[in-house]
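Engineer: Residue numbers (my numbering), protein chains in the order written: chain G, 8 to 441; chain Y, 8 to 441; chain C, 8 to 441.
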Amino acid sequence: MKPTLLSLAAAAALLPGMALAQDPEYATLADTQFIFNTLLFLIGGFLVFWMAAGFAMLEAGLVRSKNVTTQLTKNIALFSIAALMYWLVGYNIMYPGDGNWIIQDVFGTIGPKDIKSEIDAGGYSNASDFFFQLMFCATTASIVSGTLAERIKLWPFLIFVVVLTGFIYPIEASWQWGGGFLSQMGFSDFAGSSLVHAAGGFAALAGAIVLGPRLGKYSKDGRVIPMPGSNLALATLGTFILWMGWFGFNGASQLAMGTISDVDAVAQIFANTNMAAAAGAVAALILTQVMYGKVDLTMVLNGALAGLVSITAGPLDPTLFGALWIGAIGGVIVVFAVPMLDKLKIDDVVGAIPVHLLAGFWGTLVVPVYTDGTSFITQIIGFFAIGAFVFVASMIVWFILKATTGIRVDQEAEITGLDMSELGMEAYPEFAKG
Amino acid sequence: MKPTLLSLAAAAALLPGMALAQDPEYATLADTQFIFNTLLFLIGGFLVFWMAAGFAMLEAGLVRSKNVTTQLTKNIALFSIAALMYWLVGYNIMYPGDGNWIIQDVFGTIGPKDIKSEIDAGGYSNASDFFFQLMFCATTASIVSGTLAERIKLWPFLIFVVVLTGFIYPIEASWQWGGGFLSQMGFSDFAGSSLVHAAGGFAALAGAIVLGPRLGKYSKDGRVIPMPGSNLALATLGTFILWMGWFGFNGASQLAMGTISDVDAVAQIFANTNMAAAAGAVAALILTQVMYGKVDLTMVLNGALAGLVSITAGPLDPTLFGALWIGAIGGVIVVFAVPMLDKLKIDDVVGAIPVHLLAGFWGTLVVPVYTDGTSFITQIIGFFAIGAFVFVASMIVWFILKATTGIRVDQEAEITGLDMSELGMEAYPEFAKG
Amino acid sequence: MKPTLLSLAAAAALLPGMALAQDPEYATLADTQFIFNTLLFLIGGFLVFWMAAGFAMLEAGLVRSKNVTTQLTKNIALFSIAALMYWLVGYNIMYPGDGNWIIQDVFGTIGPKDIKSEIDAGGYSNASDFFFQLMFCATTASIVSGTLAERIKLWPFLIFVVVLTGFIYPIEASWQWGGGFLSQMGFSDFAGSSLVHAAGGFAALAGAIVLGPRLGKYSKDGRVIPMPGSNLALATLGTFILWMGWFGFNGASQLAMGTISDVDAVAQIFANTNMAAAAGAVAALILTQVMYGKVDLTMVLNGALAGLVSITAGPLDPTLFGALWIGAIGGVIVVFAVPMLDKLKIDDVVGAIPVHLLAGFWGTLVVPVYTDGTSFITQIIGFFAIGAFVFVASMIVWFILKATTGIRVDQEAEITGLDMSELGMEAYPEFAKG
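As structure tokens, then:
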């Protein structure tokens, strides 16, 4: 035996391949995948962060100039509060098996100490996951602020955000993404048409009902009084920002890009997301021309956003043609739903309920057309389970706030504008009002 | 023999290197490169998408406030139409060997089914390539909208965009990037100084000639009446956005980053792109001070953009000093060309023809200084082949549109502004006009 | 022996693992790490580039409308000048061992030729490093422009930028990042709370002292006259842009992501950076409500930025709770420091000195709480070494400029606004002033 072993060693020295294999100079699959996956979360995360700026600009552009400072303040404050609340309690509620409770030292429980347990199979940095998931929580809150603009008090709104981002969103999101009953029954919501967008829309709807419409929005004889946004350039910028951020929102929801099939999935999601947005915009463009004889830019912007929400529940499986018609129908929904809401005297300043709740329903419903193993019934059940919970929970919070702090500024303040009455600071102090 | 084989197996168990080599735990080169290349397309793609927002802001800032809503509408609509048309026909025209024709199911022909054929040599996801290439098509259309602002009707413009993005751009781009005659004769246009920027510029030039100047732009006694942009903050924002997006435009045109030499090339392109933009801005800064005694911000912005266009045909090979002088001359071209166009009574509202067509010519021409295997003659032939085709094709489309739908709003509408006359919606309804 | 060797070869053919090991089909660690590290610099670099737009928008929003064009011009010009000067001399001053002097051909000395020497241990593209480092140099200059707004002449300011970006910043940055005496004594400033932010703040402070306050800012009876910013939507946009860019600023300062521990560090930095910003914003939100009875949006924006500056010296080691309190104290500092500066009659138009200098001191000081091997004494010494050098050097330059070109516009020009007096171009020419 010995001579054979010796000859083997000699042979190994002669075969460079075997020598190379012994070298530590190749990148291991586990390490490489860990890095790619983490990078996807980080890129996705900063893109979804950017959506917070998109909501801020969209809403600042669609409110009247006397309420712009307040709207900007709400947007930067709600994002910041979401960042604190999601860390303090939300993340643990959403992923109950993962960590300690309340005021965890997150770099203890989701940081380096856990790395070793993750590097085997498609691992990623827990900190990157936390960063990415936090952005979804904040997005849910961003949706609410637009609907309730121009009449809600600042602090009660921010208290609602505390509850929404610390509890309501994490609870319903855990039903699917935390491995809860929706995921177990086969509900499918890839990046959150229901879990994020419709949830935000339901919270906004509850608020709009409790809060009531703006003064003068609906005249006694049933007419709807237009209250045009003060800065459509900002609103358009906000839409482009949201569109850009959505590549991260949907694309990074693949949660991995360390294999060819994962990164190819991310690429298909990017292409589909873009297609749905474009189709939603074009649908609204054509439809407003046909229905009103004039293109309505705010409808085109909301059409693009509705296209994005529509594809969010299933951005991977449809063909590009699928993304096209799914997104286009989203755009159509918005054009019809905005006047419908006004008939119900639900005053949604920026159209967030049509865009996020109704197109969110559409996007959730349509998933089984392209995704195997899903059913329309389950999708409908899932949507309404989320909707009922968020709506009722939000209603309770809004009523408590109404009964305690009050949620609405007084008439004089509303007429003056919230910027002077609530904050004493105008957004455009030098520009004369026409 | 048997004992020897047994001893081999025993030896393998003793030599960890051989055991490792048998493990599937190393990342394969093909997979890793596929992921890196795809990621480059995705990052590049969202950065070039962002340029659509840049054009929208630049143009919204440089038109008068009475035309801002229309300009914003054109920009979001043209991008959306480009996304549809490039999918419907453009991509197949541009890469004729790759797929089926008309209304392909793109996730059939450019999606997962094709992956296996690509993973051998520097592969990438076809969906990521489609996503990236689409953005270049849309950019070409974005260039046109600025020149023709403040007087063109919305729908004829959008019909032109349909033809440009579905046919004109894909045809000329296929001459080079689809393996056509320009690539075969040795023409060199790395990221599209000619294929994208000058092409857009020629389409805009044709439109400007057919459309004629804005009312009152050129007085009877030959003076040029300044019509200052309504919001230079937006115009500056748009320029910064374009500058940022250009890192993706030029950098991801390397088409690969799965090797050290590829990613190093991407890095050099980033550095050169930044340098050319900075040099173009500084050149315009100094030149307007010297020529007019005052710095002209809009010239500085266009100087930066001209620097970017100038380096786009060859962003990899020049040294940083090369990028500096190439970009600086781009900036100089803009400062001289803007008044020259006015002498010719070609009314280019945002300066897109100097920036994209003339600096595009300069950038194309200068390639042989740093890039081996190219010639000035071939560069000139390529540029004018593209220019002649795009200009003539555009002229034909503009004339057909003029003869059928008409392309220009009536005088009263132009004086009132397109926002009220075409869309019935002002961008800044509350700000009094000074 | 021979038969044994033959049998080995036969066995190798039968064992696919051994054959694979001989294939060149695995990705090498050196290549993969080189690509990841370079990619980190590129992504970080374009994010920090984006901060230039953030400063431009923040400052354009916080000055009065009569000075907006000038402020925009300064911002795009200072970035462009920084790009030229850092290439021309700054990079070589900062990393003295690396290259040739003055007007190097950078693609000779930091380009492909050097690649081979770098691919062994955590290599990266030199061009990507240059691109990334350049952005930090430009950021330092961006900080100065806000403080000195509304009264400084354009060209003297730009000459100061030439000296700051070509010499002052590279010299002090070399003390730490170029391997100089600060790094040798154990000073710790991960991404530049002192080296970038406080340095910019000291240069601004020197300028503010030499320049004096704006006319009418401090009344004879000691009151501070508010001069509200003209466009808080832009200021908020600028803050969101800076916040986004800061992920690159801090995250890519890890300088590597080719290992699990590096990319996990980047992820933790992202999470901490976001937390500190959010905490700074919430602290300012609550504190202005408590102190003044009304939330002050500009304080909330500056609170977020102060949170970001505070975490910049040590974004990796703190827990998320650490980032929270470090950032929150940054926000508190701003709320107290802004009125304090006014008492000293130092007129800082955008609050850059509280945000960048004072929160920069706080961030530098607090490092030893979480980072092993650092000491409060060393941190304090390092901060004041940088501060003293930058302040004195800046003072000298400002005095020379004051004595030669003059640095301040005359009274009439200041009252008219710099846009008409210096540039002859208004930012919002059509909007009537209220």
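Here a beta-carbon is modelled for each residue, glycine too, at the ideal position from N, C-alpha and C.
Against Val75/Y, what residues of chain G qualify as contacts under a CB-to-CB distance less than 8 Å, listed in chain order?
Structural biologist: Residues of chain G passing the Cβ test: Leu239 and Ala240.
Engineer: Determine, using beta carbons only, whether Tyr131/Y comes closer than 7 Å to chain C.
Structural biologist: For Tyr131/Y, the answer is no, since every Cβ of chain C falls outside 7 Å of its Cβ.
Engineer: Would you list, in chain order, the members of the segment 225–237 of chain G that have their beta-carbon closer than 7 Å to a beta-carbon of chain Y?
Structural biologist: The residues in question are Pro235 and Ser237.
Engineer: Measure how close the beta-carbons of Asp303/C and Met101/G come, nearest whole angstrom, since I'm counting them as under 8 Å.
Structural biologist: About 33 Å; that fails the 8 Å criterion.
Engineer: So which of Ala134/Y, Ala206/Y, Asp196/Y and Gly193/Y has the shortest CA-CA distance to Thr146/Y?
Structural biologist: Of Ala134/Y, Ala206/Y, Asp196/Y and Gly193/Y, the residue nearest in Cα terms is Ala206/Y.
Engineer: Can you give me the Cβ contacts of Ile360/G inside the same chain, cut-off strictly under 8 Å, excluding the 5 residues immediately before and after it?
Structural biologist: Thr154, Gly208, Ala211, Leu212, Ala215, Ala344, Leu348 and Ile353.
Engineer: Among Leu222/C, Thr243/C and Ala242/C, which residue has its Cα nearest to the Cα of Pro233/C?
Structural biologist: Closest option to Pro233/C, Cα to Cα, is Leu222/C.
Engineer: Just verifying my parser: in three-state terms, what is the DSSP assignment at Ile422/Y?
Structural biologist: It is helical.
Engineer: Check each residue of the segment 53–82 of chain C: if its Cβ is closer than 7 Å to any Cβ of chain Y, include it; give the result in chain order.
Structural biologist: Residues Phe53, Phe56, Trp57, Ala59, Ala60, Ala63, Met64, Ala67, Val75, Thr76, Leu79 and Thr80.
Engineer: Would you kindly check if the distance between the Cβ of Lys409/C and the Cβ of Val151/C is under 7 Å?
Structural biologist: No, the Cβ-Cβ distance between Val151/C and Lys409/C is not below 7 Å.
Engineer: Note down the Cα distance separating Gly287/C from Ala84/G, rounded to an integer number of angstroms.
Structural biologist: Straight-line Cα distance between these residues: approximately 11 Å.
Engineer: Is the CB of Met298/C under 7 Å away from at least one CB in chain G?
Structural biologist: No, Met298/C does not count as interfacial toward chain G.
Engineer: Residue range of the alpha helix (DSSP H) that Asp379/G falls in?
Structural biologist: Per DSSP, Asp379/G belongs to no alpha helix (DSSP H) and is neither H nor E.
Engineer: Where do the N-terminal and C-terminal ends of the alpha helix (DSSP H) with Gly265/C fall, by residue?
Structural biologist: Run containing Gly265/C: none; DSSP gives neither H nor E here.
Engineer: Return yes when the Cβ of Tyr93/G is within less than 7 Å of the Cβ of Thr39/G, no when it is not.
Structural biologist: No, Cβ-Cβ distance for Thr39/G and Tyr93/G is not below 7 Å.
Engineer: Consider the Cβ of Phe164/G: report whether some Cβ of chain C lies at a distance smaller than 7 Å.
Structural biologist: Chain C, which has no Cβ nearer than 7 Å to the Cβ of Phe164/G, makes this no.
Engineer: The alpha helix (DSSP H) that contains Lys81/G, what's its start and end?
Structural biologist: That run of the alpha helix (DSSP H) goes Val75 to Met92.
Engineer: Since Ala89/Y and Phe197/Y should fall inside the 8 Å C-beta cutoff, what is the C-beta to C-beta distance between them, to a whole number of angstroms?
Structural biologist: Their Cβ separation, rounded to whole angstroms, is 22 Å, which puts Ala89/Y and Phe197/Y out of contact at 8 Å.
Engineer: Going by Cα to Cα distance, which pick from Gly199/G, Met142/G, Ser87/G and Gly68/G is closest to Ile393/G?
Structural biologist: Cα-wise, what sits closest to Ile393/G is Gly199/G.
Engineer: Kindly indicate which residue of Leu165/G, Val55/G and Asp269/G has the alpha-carbon position closest to the one of Ser132/Y.
Structural biologist: Taking only the C-alpha atoms, the option nearest Ser132/Y is Asp269/G.
Engineer: Between Ala274/G and chain C, is any beta-carbon pair separated by less than 7 Å?
Structural biologist: So, not an interface residue.
Engineer: Looking only at DSSP bridge pairs, what is Tyr131/Y linked to?
Structural biologist: Per DSSP, none; premise fails for Tyr131/Y.
Engineer: Within its chain, find whatever has a CB closer than 7 Å to the CB of Trp108/G; leave out the 5 residues flanking it on each side and keep chain order.
Structural biologist: Bear in mind that a pLDDT of 43 at Trp108/G, under 50, signals an unreliable position, so the model cannot answer this.
Engineer: Taking Asn82/C and Ser149/C to be in contact with their CB atoms under 8 Å, please state how far apart those CB atoms are, rounded to whole angstroms.
Structural biologist: With a Cβ gap of about 7 Å, Asn82/C and Ser149/C count as contacting.
Engineer: Using a Cβ-Cβ cut-off of 7 Å (strictly less than) and excluding sequence neighbours within five positions of Phe114/C, which residues of its own chain qualify?
Structural biologist: Interpretation of Phe114/C is limited by its pLDDT of 48, a score under 50 that renders its predicted location unreliable; no figure is taken from the coordinates.
Engineer: Using a Cβ-Cβ cutoff of less than 7 Å, which residues in the same chain neighbour Val307/G once the five nearest sequence positions on both sides are dropped?
Structural biologist: Around Val307/G: Ala288, Ala291 and Leu292.
Engineer: Between the C-alpha atoms of Ile276/C and Ser135/C, what's the straight-line distance to the nearest angstrom?
Structural biologist: Going by the C-alpha atoms only, they are around 20 Å apart.
Engineer: Closest by CA to Ile387/G, which one among Phe368/G, Val404/G, Gly380/G and Ala400/G?
Structural biologist: That would be Phe368/G, whose Cα lies nearest to the Cα of Ile387/G.
Engineer: For Ala395/G versus Val316/G, is the C-beta distance shorter than 7 Å?
Structural biologist: No, the Cβ-Cβ distance between Ala395/G and Val316/G is not below 7 Å.
Engineer: In the structure shown, what three-state DSSP assignment does Phe194/Y receive?
Structural biologist: It is coil, neither helix nor strand.
Engineer: Going along the segment 413–434 of chain Y in order, which residues come within less than 8 Å of chain G, judged by CB to CB distance?
Structural biologist: For the segment 413–434 of chain Y, which is checked against every Cβ of chain G, the residues closer than 8 Å are Glu429, Leu430, Gly431, Met432, Glu433 and Ala434.
Engineer: I'd like the list of long-range same chain contacts for Thr76/Y, defined as Cβ closer than 6 Å, with 5 residues on each side in sequence excluded.
Structural biologist: Same-chain partners within the cutoff: Asp426, Leu430, Met432 and Ala434.
Engineer: Can you grab the Cα-Cα spacing for the pair Ala63/G / Cys144/C, in whole Å?
Structural biologist: Their Cα atoms are separated by approximately 30 Å.
Engineer: Under 7 Å, do Met58/Y and Leu262/Y count as touching if we go by C-beta distance?
Structural biologist: In this structure, Leu262/Y does not lie closer than 7 Å to Met58/Y by Cβ.
Engineer: Which ranges does the alpha helix (DSSP H) cover as unbroken runs of at least 4 residues, wholly within the segment 344–423 of chain Y, from first to last along the chain?
Structural biologist: Here the runs fully enclosed are 366–372, 383–410 and 418–423.
Engineer: How would you label Tyr299/G, buried or exposed, when you count the other beta carbons within 10 angstroms and need 16 or more for buried?
Structural biologist: Counting Cβ neighbours within 10 Å, Tyr299/G comes out exposed, since fewer than 16 surround it.
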